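Counting from 4, one number per residue, gives the positions in the sequence shown under my numbering.
The beta carbon of each residue, even a glycine, is placed where N, CA and C say it ideally should be.
Since the structure is predicted, the reported quantities are computational estimates derived from the model, not experimental observations.
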Amino acid sequence: MTASGTTAEGRMELAGAQPVIAVRDLTVTLDTEAGPVPLLRGVSLDVMPSEVLGVVGESGAGKSMLGNAITGLLDRRVSVTGGAVLFRGRPIDGLRGEAMRRLRGRAIATVFQDPLTSLNPVFTIGRQLTETIGEHLGLSGATARAEAVSLLAQVGIPAPEARLSSYPHEFSGGMRQRVVIALALAGRPAILIADEPTTALDVSIQGQIIELLRDVCASRGTAMLLITHDMGVIAALATRVAVLYAGRVVEVGPVEEVLRRPRHPYTRGLMDSIPEIGRRLGRLHQIPGAMPRPDTLPPGCPYAPRCPRAAATCADAVPALQGHGPHQAACFLPLEASAAA
Ligand SMILES: Nc1ncnc2c1ncn2[C@@H]1O[C@H](COP(=O)(O)OP(=O)(O)O)[C@@H](O)[C@H]1O
Ligand SMILES: [Mg+2]
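Have a look at this one:
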């Protein structure tokens with residue numbers, strides 16, 4: 004700790020007030036022959052140090068697009084056309100070359116749905132780990148090897164020393180995802196972007212990987228942006244949650260509050276469709292209809308055509324996020340107003 008703790012900036016740091024990642028009014032646009040189509044429309048989010056921010060929504064909501072915009076993995080036809088992504092307060096969109104490589108993959112590391120896409124089938128786990136450790140930390144030889152063993156042990160791989168010489172196909176799906184998490188941790192990242200990290204896994208081991216992610220992030224103080232379609236995963240792992248619908252954040256807040264008292268009818272619809280929660284509340288059902296495609300958005304609130312509460316006003320204008328304090332929803336007729344209708 005330094006004497007700068009007395010300056011305004013120092014106090015902010017001590018309070019941990021600086022987000023690791025700040026997404027500010029981000030618009031991401033797809034270039035089509037018929038013209039530009041916005042896929043994300045003015046998304047703003049903060050991921051604070053050590054927190055797990057969940058991003059949830061149905062397929063096509065823009066969750067992966069958000070993760071990819073942060074990690075810079077956008078398709079050629081897709082670009083950031085508005086707003087910014089900041090890493091510890093500094094815009095990262097303009098970074099190129101070495102500066103970008105240091106940030107993305109190292110300080111900002113990723114875990115994807117399918118562990119096989121992150122692993123090279125022709126190299127041993129040991130080689131992939133020691134190479135990544137070399138790149139990120141400048142370690143080599145026995146030191147890199149010892150770090151690789153330590154990482155494998157931290158992610159719960161039994162007999163880690165012996166497993167260094169195994170190839171990806173020699174591991175089960177769950178063990179492979181553990182290896183991917185070890186690789187992501189190799190650069191001692193400030194944040195993990197985990198996009199559906201348990202979706203491709205056997206249901207019986209999803210819980211173990213969720214626990215592992217929670218434990219490694221907590222013990223290392225690593226923040227996480229957790230992307231999932233599954234409210235159950237959010238409930239198990241996230242500290243705050245942002246609900247995405249048709250490229251916008253429609254509700255955001257502390258997980259317990261949002262799950263206990265959702266304000267946006269879409270959030271409640273998502274909750275009702277999870278077997279564990281929906282059955283308990285006696286209203287297990289799927290949300291009727293489908294999310295509009297980005298190129299055919301209805302006027303007004305994009306959820307209105309599916310919303311059981313929609314009134315005439317909902318088709319006229321797009322509601323902005325609002326609420327007192329950290330729990331906010333973008334709805335003209337939020338649930339809270341009528342006591343959990
Ligand atoms: N590379 C791409 N080119 C064109 N459209 C895309 C591309 N990736 C995603 N989209 C579209 O962007 C929207 C959001 O997709 P995505 O972020 O993958 O959703 P999610 O991860 O929430 O399921 C969808 O309508 C999808 O069809
Ligand atoms: Mg996705």
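8 Å CB neighbourhood of Pro-308 in its chain, flanking five on each side removed: Gly-292, Pro-295, Pro-301
query: For Tyr-269, which of helix, strand or coil comes out of DSSP?
result: helix
query: According to DSSP, is Gln-325 helix, strand or coil?
result: strand
message: Our contact map puts Leu-33 next to Arg-80 with C-beta atoms below 8 Å; I'd like the distance itself, whole angstroms only.
response: 6 Å
query: For ligand 2, is there a heavy atom less than 7 Å away from the beta-carbon of Ser-153?
result: no
message: At a threshold of 7 Å, does Met-234 count as lining ligand 1 (C-beta to nearest heavy atom)?
response: no
field: Rounded separation between Val-59 and Glu-254 - CA only
entry: 10 Å
task: For the region 85 to 98 and the region 323 to 334, state whether three or more C-beta atom pairs, one from each stretch, are separated by less than 8 Å.
output: no
query: What span of residues does the alpha helix (DSSP H) with Thr-300 cover, start to end?
result: The amino acid at residue 300 is misidentified as Thr; the sequence shows Leu. Leu-300 -> no alpha helix (DSSP H), and no H or E assigned at all.
query: So is Ser-67 buried or exposed if we call it buried at 16+ other beta carbons inside 10 Å?
result: buried
- request: Just the C-alpha distance for His-139 and Val-206, rounded to the nearest angstrom, thanks.
  value: 33 Å
message: Please state the DSSP three-state secondary structure of Pro-52.
response: coil
query: Along the chain, where does the beta strand (DSSP E) that runs through Arg-243 open and close?
result: 243 to 248
message: Taking the alpha carbon of Pro-257 as the reference point, which residue from Asp-49, Glu-199, Val-40, Val-114 has its own alpha carbon closest?
response: Asp-49
task: Could you tell me which of Glu-199, Gln-289, Gly-75, Ser-222 sits nearest to Glu-54, measuring between CA atoms?
output: Ser-222
query: Tell me which same chain residues have a C-beta within less than 6 Å of the C-beta of Asp-117, skipping the five on either side of it?
result: Ala-203
- prompt: Taking 7 Å as the cut-off, does the CB of Ser-121 come closer than this to any heavy atom belonging to ligand 2?
  reply: no
- prompt: In chain order, what residues of the same chain lie with their CB nearer than 8 Å to the CB of Thr-225, ignoring the 5 residues before and after it?
  reply: Ser-53, Leu-188, Pro-192, Ala-193, Ile-194, Leu-195, Val-219
query: Which whole-angstrom value describes the C-beta separation of Ala-3 and Ala-249, a residue pair presumed to lie in contact below a C-beta threshold of 8 Å?
result: Outside the displayed span of the chain (4 to 344) sits residue 3, for which this structure offers no information.
query: What are the residues that DSSP puts in a beta bridge with Asp-198?
result: Ile-230
message: I'd like the span of the beta strand (DSSP E) that includes Gly-85, first residue to last.
response: 81 to 90
query: Which whole-angstrom value is the C-beta distance of Ile-136 and Leu-167, which I expect to be below 8 Å?
result: With a Cβ gap of about 12 Å, Ile-136 and Leu-167 do not count as contacting.
field: Chain-order list of residues whose beta-carbon lies under 6 Å from that of Thr-10 (same chain, five-residue window excluded)
entry: Annotation note: pLDDT 44 at Thr-10 (below 50); position unreliable, no value reported.
field: Rounded separation between Glu-332 and Gln-157 - CA only
entry: The sequence shown places Ala at residue 332, not Glu. Roughly 38 Å separates the two Cα atoms.
message: So Gln-211 and Gly-177 are supposed to be a Cβ contact under 8 Å. How far apart are they, rounded?
response: 6 Å
field: Where Val-125 sits in the DSSP three-state scheme
entry: coil
query: Under the criterion of a Cβ to heavy atom distance below 7 Å, does Ala-199 qualify as lining ligand 2?
result: Residue identity differs from the one stated: residue 199 is Glu in this sequence, not Ala. Yes.
task: Can you give me the start and stop residues for the alpha helix (DSSP H) that Glu-259 sits inside?
output: 258 to 263
- prompt: By a C-beta neighbour count over all protein chains shown, 10 Å radius and 16 as the cutoff for buried, is Gln-180 buried or exposed?
  reply: buried
message: Does the distance between the C-beta of Ser-276 and the nearest non-hydrogen atom of ligand 2 fall short of 7 Å?
response: no
- prompt: Using the beta-carbon count (16 or more within 10 Å), is Phe-115 buried or exposed?
  reply: buried
field: Proximity below 8 Å, CB of Gly-86 to CB of Asp-28
entry: yes
Assigned exposure category for Thr-316 - 16 Cβ within 10 Å defines buried: exposed
message: Can you give me the C-alpha to C-alpha distance between His-330 and Arg-148, rounded to a whole angstrom?
response: 46 Å
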